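Below: the structure, in structure tokens.
Below, the structure written as structure tokens:
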């Protein structure tokens, strides 16, 4: 049986008789023609590149430093501050654009549907009165305001339409036994509900269809973009993530997806949009618009670009929540692995610029008071305060902290459940939806839209209760934020099929923009039925979990906040009604519930605490929010990772965590390095360089010389020298010795995708033949690069020492640098001196950034293969290096904090014995090495 292959004893799918399974690496299984299915683990892929955050201190860069003085340094710094300010302003304008059109489309959609419900249910005489009313109000207020006033007045007069005999109905009752069901039945007979549902479906399907089409144009625009930006700030180059086309598809896509009624938010994509603005604006050029180019000599490196991306991401958070300090902490906590004081100031300044740009324009457009700064972010929680008439009310007390801790635990459990379900859905999409034609993704998005629309419509019309309005809601609620007018408050309260002075609680939550629903749960003095809150939470939880991951731009912050706010408001209702705790302020519990659920989903702590405090404008909430988020994170981490880390893992991105586990210090650099190197000499023929670049995918190559000293002559006749040389030989790690150890033990393989470790058991099926075949193929894989020696081919009889001869390390050169040298004809002939080789300046080397030419596009007929390239002026002669005996925790901290791409391992005599890359430090790779270490003991 296939299920028993590779076991000492027969182990099948359902049981295992005895023994353990012999595990091999994925590449070994591929060589032997076997496959191993692992549904629970997706390994980091090798096709992701790292960013070049470390400066290459070569001769062209030193020439620039020689010409640099204090005046030029100040000018460079001033230009950087100007670019940071421009990034913040542009990010704020992007948020303004998205918010304006989302509001416009949403008001248009809900206005048409509500008017249809009211107009169709009025009858012939009522319609005539409505038309007359509209004409009068249009004359007084104008067209748009007149329609809104008419809808408001008609909603106040719905009491006469709630039953067939015209009598006002009572203000309580639930489900199909209350006056709501009578009104629904009457309206259904007249056809208004069916027509309204069709109109709502038409709007939502159209908007979602456009959003899905934009994602087909640029697939990386799907989702919130936060996992990808997190990877970019971590040092991983995600293809297409910061392109102009991605920004356009993201902005218009999230506009349509939010207006289309999906349970998504626009705040998460704002972070991605800000990062794209930060990456593209300082370049003054675009790959999508190749004709738009300026001669701007600054910021032509990954180091500068990633700093601007950090600033742009922080500006996106600041524009979304009106939280500049929270945005700065978000870039620090969730993304950037390299940070300094200067970058902190620039990121904070960028966040402030974005916040106040958005605030200035939104306040001016909505209130007509330019310069008043009343609307700090796209999502504003408003001001939390007790009513002046209630002297016993407190926002929160010390006794409430116990309830907050319990809510944090429940929020962590709910968040872990959400993440688990969403991960299973994402894996299902990867296996069954993504391999199919792209139209299937569009159809899935449309299916989600249809189900969401029907659930929202039916729940709003049928499942709600008619609840009594508070006096504050009728006259202008003082508990609502100062930035929200009483007209907006009253218009967000839905009275569908409810009599006078009552409102439909389910419709108020469902048949409104999500931001209005959050404000209702935070600040509405009137009560929400516990059954309504429970039904709303369950429906919203399931639909939001299903929606996140479909092929539309979508955020997760607002859906999580709304879902958690319903949970918190439910807890407050239970404590008030059933336990009798009258001092409880429902808005505080709604806020804590929102923080608990959001923290359980995304697992953010510091930045999320500050974001919520800044959004509420209430510093006294700092302690309960912090405690709730910490408890939610600890509870959720016990079961799985945060939602963004889960999606990063599903994409196979080699993300480096903050630190390694303590047990990883049992490993050293020699245990995780890659000893099978492809290298170049300081002076190398063009034919060798072209062959290396065309047949490998490495992005950097060590520059080495061979070390063939005859040390035996020095050992004769001098015991002291002989002992010293013997000690040096036994203490120095060599590539040949390390490679022989790995090959003989068969517990390792030169691959960064290493997952499993082979033991030394004998396989149950043709063991000798398979081991011999595998050993032969592995040895062929270790054959050194043939074109490194143009005049000499390697012999098949070479020993391991000859294949992995000692190499003195001189520096590191990048693939992009080698290709640039070949394209620009930097070489000299054999009969000339290397001084005759043309020299390139730093600007010429960086001219093609960030899209360097590809070696496969190079016209080989223009190159003389016998010409020689001197790479020493362009290599990095002093990169960061480590000793083979360096512990893994030290290697990891150096690699992550300095933003390295390659870390050479050099022994005590200056010989390179291996290279460590990002893939050698992933959690999966280190776990495999640790298992190998335990088996070798």
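In the UniProt record's numbering, the protein residues as written are 1 to 937. Glycine included, C-beta positions come from ideal geometry on N, C-alpha and C. In this text the structure is predicted, and so the values were computed from the model without any measurement.
Asked, Found
"Three Cβ pairs or more, each shorter than 8 Å: is that satisfied between the stretch 500–509 and the stretch 532–543?", "yes"
"Note down, one range per segment and in chain order, each beta strand (DSSP E) of at least 3 residues found wholly within the UniProt domain \"CBS\" (875–936).", "902–906 and 912–917"
"Which same chain residues, not among the five before or five after residue 588, have their C-beta less than 6 Å away from its C-beta?", "395 and 396"
"Could you give the distance in angstroms between the alpha-carbon of residue 204 and the alpha-carbon of residue 453?", "7 Å"
"Run through the DSSP bridge pairs and tell me what residue 683 is partnered with.", "870"
"Secondary structure at residue 216, three-state DSSP: helix, strand or coil?", "helix"
"Helix, strand or coil for residue 652? Go by DSSP, reduced to three states.", "coil"
"Can you round the beta-carbon distance between residue 91 and residue 273 to whole angstroms, since I take them to be within the 8 Å contact cut?", "7 Å"
"Relative to the alpha-carbon of residue 97, which residue among 332, 304 and 251 has its alpha-carbon at the smallest distance?", "251"
"Identify the residues that DSSP records as bridge partners of residue 237: which are they?", "49"
"Report all residues from its chain with a CB closer than 8 Å to the CB of residue 824; omit the five preceding and five following residues, and keep chain order.", "838, 840 and 844"
"Give the DSSP bridge partners of residue 705, in chain order.", "808"
"Leaving out the 5 sequence neighbours to the left and right, which residues in its chain are closer than 7 Å to residue 665 when beta-carbon positions are compared?", "887, 888 and 889"
"The beta strand (DSSP E) with residue 249 in it runs from where to where?", "Segment 244–259 is the alpha helix (DSSP H) holding residue 249; no beta strand (DSSP E) there."
"Short check: CB of residue 281 to CB of residue 83, under 9 Å?", "yes"
"Rounded to a whole number of angstroms, what is the C-alpha to C-alpha distance between residue 996 and residue 830?", "Because the chain in this structure spans residues 1 to 937, residue 996 falls outside the shown range and cannot be described."
"Considering only C-alpha positions, which residue in the set 636, 610 and 635 is nearest to residue 625?", "610"
"Out of 323, 361, 568 and 367, which one is the CA nearest neighbour of residue 406?", "568"
"Using 10 angstroms around the beta-carbon of residue 340, count the other beta-carbons present and answer buried if the total reaches 16, otherwise exposed.", "exposed"
"Between 301, 101 and 194, which lies nearest to residue 816 when the distance is taken from Cα to Cα?", "301"
"Flag this pair as touching only if the stretch 227–246 and the stretch 301–320 have three or more C-beta atom pairs under 8 Å; answer yes or no.", "yes"
"Near residue 268, what residues of its chain come up, given a Cβ to Cβ distance below 6 Å and the 5 sequence neighbours on each side ignored?", "224, 226, 555, 556 and 557"
"Taking residue 875 as the reference, give the member of 814, 688 and 112 with the closest Cα.", "814"
"Are the beta-carbon atoms of residue 61 and residue 842 separated by less than 9 Å?", "yes"
"Check each candidate in 195, 206, 76 and 48 and name the one with the smallest Cα separation from residue 105.", "206"
"Measure the alpha-carbon distance for residue 627 versus residue 642 and round it to whole angstroms.", "18 Å"
"Could you give the DSSP three-state label for residue 584: helix, strand or coil?", "coil"
"Leaving aside the five residues before and after residue 846 along the sequence, list all residues of the same chain whose C-beta is less than 6 Å from its C-beta, in chain order.", "300"
"Using alpha carbons as the reference points, say which of 427, 450, 438 and 631 lies closest to residue 404.", "631"
"How many angstroms separate the CA atom of residue 832 from the CA atom of residue 807?", "27 Å"
"Check whether the stretch 864–882 touches the stretch 653–661, taking contact to mean three or more Cβ pairs, one atom from each stretch, closer than 8 Å.", "no"
"For residue 450 and residue 442, I'd like the C-alpha separation in whole angstroms.", "12 Å"
"Look at the alpha carbon of residue 936 and the alpha carbon of residue 235, and state the distance between them as a whole number of angstroms.", "33 Å"
"Are the Cβ atoms of residue 633 and residue 402 separated by less than 9 Å?", "no"
"Mind reading off the beta-carbon distance from residue 113 to residue 200? Whole number of angstroms is fine, and I expect it under 8 Å.", "5 Å"
"Please list, in chain order, all residues of the same chain as residue 776 whose beta carbon is under 6 Å from its beta carbon, the five residues on each side excluded.", "Its pLDDT being 45, under 50, residue 776 is placed unreliably in this model, and the value from its coordinates should be taken loosely. So the list is empty, once near-sequence residues are dropped."
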